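Report on the structure given below.
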Amino acid sequence: MQSLTEEVKDLFQPRSKLLELRNEAANALNQDEWLVYKKVVQNFEGERKFTARQYELDYQNRFDQVRRRLIDEAGAVKRKLTCKRFGADNFNKTEIDRRAHITVRAEHGQTMAQIDQRECEAIRPLVENAQSKIDAREKPIKDFQAAVDRRSGQDRRVQSWSR
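Residues in the sequence shown are numbered from 0 upward in steps of one, following numbering that gives the first Met the number 0.
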């Protein structure tokens, strides 16, 4: 069984991956790559605003659709018979409304998480490409430093703080 912190991390994973990628992009991208990155971010930010606005405008319509679906499910013929004392009222208006609100909000959250995931998929190649360029640029420097290391055998095996 997962701990509560692991469940919370899993719940917010797309957002945290996006923030990690944004931090890596800020550190790794050069000016030309940064312009491409900014265009990608602006496109997804516009998509987020559009989705949020549609959510606000269509909330009541979505709520009504989910509410109708829940009422239809509650009114469906069930083959399982329960005693009235132990059964629940399937047509409790407040319960149906509460479940409909929760469902609409959850669907909106899933849509926003999908947008975050697609943004991660768009940013990841940019960051990986920039990181490979940085590694290729720094490789000769690291190779040279390793070649000119003049310490004795035992000292050479100990990493110094200067590297």
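Beta carbons are placed, not taken as given, at the ideal position from N, Cα and C, and that holds for glycine.
Model, not experiment: these values are computed from the prediction.
Option in GLY74, GLY108, VAL147 with minimal Cα separation from PHE11: Within the sequence shown, the letter at position 12 stands for residue 11. If we check each option's Cα against that of PHE11, GLY108 comes out closest.
Which listed residue (ILE95, THR110, ILE133) has its alpha carbon closest to that of TYR54: Walking along the sequence shown from the start, residue 54 turns up at place 55. It is THR110 whose Cα lies nearest to the Cα of TYR54.
Own chain residues within Cβ distance below 6 angstroms of ASN60, not counting five before or after: The residue labelled residue 60 in the question sits at position 61 within the sequence shown. Sequence-distant partners of ASN60 (beyond 5 residues in either direction) whose C-beta falls short of 6 angstroms from its own C-beta are missing from its chain.
Between the CA atoms of ASN26 and GLN130 - distance to the nearest angstrom: The sequence position of residue 130 within the sequence shown is 131, counting from 1. The sequence position of residue 26 within the sequence shown is 27, counting from 1. C-alpha separation (whole angstroms): 9 angstroms.
Among ARG47, HIS100, ASN22, ALA73, the one whose alpha carbon lies nearest that of ASP63: Locating residue 63 in the sequence shown gives position 64, where the first residue counts as 1. Here the closest residue by C-alpha is HIS100.
DSSP three-state assignment for PHE43, whether helix, strand or coil: In the sequence shown, residue 43 corresponds to position 44, counting from 1. In the structure shown, PHE43 sits in a helix (DSSP, three-state: H, G or I).
Between the CA atoms of ASN22 and ALA105 - distance to the nearest angstrom: The residue you call residue 105 lines up with position 106 of the sequence shown. The residue you call residue 22 lines up with position 23 of the sequence shown. Looking at the two C-alpha atoms, the distance is approximately 28 angstroms.
Given ASN98 as reference, the closest of VAL65, PHE143, ASP115 once Cα atoms are compared: Along the sequence shown, one-based indexing puts residue 98 at 99. It is Arg, not Asn, that sits at residue 98 in the sequence shown. Measuring from the Cα of ARG98, the nearest candidate turns out to be VAL65.
Touch test, the segment 118-129 against the segment 30-46, Cβ-Cβ under 8 angstroms, three pairs minimum: Touching, yes.
Neighbour-count burial assignment, VAL103, 16 or more Cβ in a 10 Å radius: Counting from one through the sequence shown, the residue named residue 103 turns up at place 104. With 16 or more Cβ atoms within 10 Å of its Cβ, VAL103 is classed as buried.
Beta carbon of ILE114 nearer than 7 angstroms to that of ARG67: The residue given as residue 114 occupies position 115 in the sequence shown. The residue given as residue 67 occupies position 68 in the sequence shown. Annotated as distal: ILE114 and ARG67, with beta-carbon spacing of 7 angstroms or more.
Helix, strand or coil at ASN91 [DSSP, three-state]: One-based indexing of the sequence shown puts residue 91 at position 92. It is coil, neither helix nor strand.
6 angstroms CB neighbourhood of LEU28 in its chain, flanking five on each side removed: Start at 1 with the first residue of the sequence shown, and residue 28 comes out as number 29. The beta carbon of LEU28 sits closer than 6 angstroms to the beta carbons of TYR36, ALA129 from its chain, once the five residues preceding and following it are set aside; these are given in chain order.
Residues near LEU125 in its chain [Cβ-Cβ closer than 7 angstroms; skip 5 each side]: Here residue 125 refers to the residue found at position 126 when the sequence shown is read from its first residue. Answer for LEU125: ALA24, LEU28, GLU32, VAL35, TYR36, listed in chain order.
Start-end ranges of the beta strand (DSSP E) lying completely within the segment 118-152, minimum 3 residues: Secondary structure within the segment 118-152: not one fully enclosed beta strand (DSSP E) run of 3 or more consecutive residues is present.
Distance between beta carbons of LEU20 and ARG123, contact taken as under 8 angstroms: For the purposes of this step, residue 123 is taken as the residue at position 124 of the sequence shown. For the purposes of this step, residue 20 is taken as the residue at position 21 of the sequence shown. That belief holds up - the Cβ atoms of ARG123 and LEU20 are roughly 6 angstroms apart, short of 8 angstroms.
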